[in-house]
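A.B. asks: Its first residue numbered 923, the sequence shown is counted upward by one per residue in my numbering. Ideal placement from N, C-alpha and C gives every residue a C-beta, glycine not left out.
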Amino acid sequence: MTTPKEVKVAIIQHPPTYMNLASSIEKAKAFIKEAAGHGAGLIVFPETWLPGYPVWLDYAPNAGIWDHPPAKALFRLLAENSPQLDAPEIKALIELAGQLNVHVVMGMHERLGGTLYNTMLFISNDGNTVLPHRKLMPTYTERLVWGRGDGSTLPVLDTDFGKLSGLICWEHWMPLARAAMHAKHETVHIAQWPMVKGLHQIASRHYAFEGQCFVVAAGCMLSKQEALDGITSHAGGDEAATLVEEIPVEDNELLLRGGSAVIAPDVSYLSEPMYDQAGIIYADIDPAIIPEGHLFLDTNGHYSRPDVFRLEVDDRPQNGVEFLSGK
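So this is what it looks like as structure tokens:
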């Protein structure tokens, strides 16, 4: 049996240029180059970093009003800045990952047809493998902007440091989703969040112990002013900015506070949570220690009871329309 190699992980806890895809891609490329220059082999961005988490859903008092012009204008701007998986901007990230020999995990709004998805994109270090995971269940007001993923996007990326996969935000409170991922024997699990506040730290640390894997918990930084600046960087962005302007906090106040951390299988922190400052968080991961925890717990092995409990996962694509001719 080949022992997985050690890897340095980097979490990008910098804000994007909010709602501006082109500028955010340039920032992402610069951050990837910086992290690779510090020896990182795995570089992780937070939830929907491209082009930014929809903070207005949590804070803006008029976000859910039917046919509200500012809400429509902001969603249109979001859609216009949400790439398809084959977009030139995504191809640029893939090429860069291959050039620098780094694995990249990007959180993004993915546009597929007329629907947006909350997608975690896994890019291999040779640029030859690109695997999406679409969030299975948007949470609460998130259903205003995202569709639901299906079981066909629960990928595992094989790397020289082991199996890499992940879940997004409140998927970590879906017990059956966790069980499905544990059955894939993750070495490194990416937990993407808008920010990793106290409750999210609990979920991330619990996942590390339950799955006996390393957890990279990635959260973002964003102030109200940074959100406004990004929206109004577009011509005609004033109406779209209205929802964010109405958020009842000062312009310099943080809407997302970071909290990124790297957690070992025994729930200890390899990198303590970092709040209220932008930066890149680094930690060294040694997969060789994982078998130690399996002495006590292997939820898909000696600590399972398949004679009592069984989970069936439908990992087929769920398409609303199928043409039997195949055309």
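Just to confirm the assignment: which complete beta strand (DSSP E) runs, minimum length 3, are found wholly within the stretch 1091-1145?
C.D. replies: Whole beta strand (DSSP E) segments, 3+ residues: 1110-1114, 1136-1140, 1143-1145.
A.B. asks: So, do the stretch 1132-1142 and the stretch 1105-1120 have three or more beta carbon pairs nearer to each other than 8 Å?
C.D. replies: As far as the Cβ criterion goes, the stretch 1132-1142 touches the stretch 1105-1120, which means the pair count is three or higher.
A.B. asks: Using the Cα positions of Lys1106 and Val1078, report the straight-line distance between them to the nearest angstrom.
C.D. replies: Distance between the alpha carbons of Lys1106 and Val1078: 7 Å.
A.B. asks: Which residues in the same chain have their Cβ closer than 8 Å to the Cβ of Ser1004, if we skip the five residues on either side of it in sequence?
C.D. replies: Result list for Ser1004: Leu943, Leu972, Pro973, Met1030, His1031, Glu1032, Arg1033, Leu1038, in chain order.
A.B. asks: Helix, strand or coil: how does DSSP classify Leu1058 here?
C.D. replies: Three-state result, Leu1058: coil.
A.B. asks: Can you tell me where the alpha helix (DSSP H) with Val1230 in it begins and where it stops?
C.D. replies: That residue, Val1230, is in no alpha helix (DSSP H); it is neither H nor E in DSSP.
A.B. asks: Would you check if the distance between the CB atom of His1224 and the CB atom of Gln1134 is smaller than 7 Å?
C.D. replies: No; because the gap between Cβ atoms is not below 7 Å, this pair is not in contact.
A.B. asks: Going by DSSP, what residue range makes up the alpha helix (DSSP H) through Tyr981?
C.D. replies: Taken as a continuous stretch (DSSP letters only), the alpha helix (DSSP H) holding Tyr981 covers 978-981.
A.B. asks: Just to confirm my understanding: we take Arg998, look at its own chain, exclude 5 residues before and 5 after, and list those with CB closer than 8 Å. What are they?
C.D. replies: If we look at Arg998 and ignore the five residues flanking it on each side, its Cβ neighbours are Ala1162.
A.B. asks: Measuring straight from C-alpha to C-alpha, what distance separates Pro992 and Thr970?
C.D. replies: Going from the Cα of Pro992 to the Cα of Thr970 covers about 21 Å.
A.B. asks: Ala1275 to Tyr981, Cα distance in whole Å?
C.D. replies: The first residue shown for the chain is 923 and the last is 1249, placing residue 1275 beyond what the model contains.
A.B. asks: Looking at the unbroken alpha helix (DSSP H) that takes in Ser946, where does it start and where does it end?
C.D. replies: Here the alpha helix (DSSP H) through Ser946 covers 943-959.
A.B. asks: For Val1184, which of helix, strand or coil comes out of DSSP?
C.D. replies: Correct three-state label for Val1184: strand.
A.B. asks: Could you please give the first and the last residue of the uninterrupted alpha helix (DSSP H) stretch that includes Val1026?
C.D. replies: Taken as a continuous stretch (DSSP letters only), Val1026 belongs to no alpha helix (DSSP H), being part of the beta strand (DSSP E) at 1025-1034.
A.B. asks: Roughly how many whole angstroms lie between the Cα atoms of Pro1239 and Leu1053?
C.D. replies: Each residue's alpha carbon lies about 14 Å from the other.
A.B. asks: Using a Cβ-Cβ cutoff of less than 6 Å, which residues in the same chain neighbour Ile1012 once the five nearest sequence positions on both sides are dropped?
C.D. replies: Excluding residues within five positions, the ones whose Cβ falls inside 6 Å are Pro1005.
A.B. asks: If you draw a straight line from the alpha carbon of Arg1256 to that of Trp1092, how long is it in whole angstroms?
C.D. replies: No answer is possible for residue 1256: the residues shown for the chain start at 923 and end at 1249.
A.B. asks: Nearest to Thr1109 by CA position, among Gly1120, Gly1084, Ser1126, is which residue?
C.D. replies: For the residues Gly1120, Gly1084, Ser1126, the minimum Cα distance to Thr1109 belongs to Gly1084.
A.B. asks: Tell me the residue span of the beta strand (DSSP E) that contains Ile1203.
C.D. replies: Per DSSP, Ile1203 belongs to the beta strand (DSSP E) from 1201-1207.
A.B. asks: On the premise that Ile1211 lies in contact with Ser1126, defined as a C-beta separation below 8 Å, what is that separation, rounded to the nearest angstrom?
C.D. replies: Ser1126 to Ile1211, Cβ: 18 Å. No contact.
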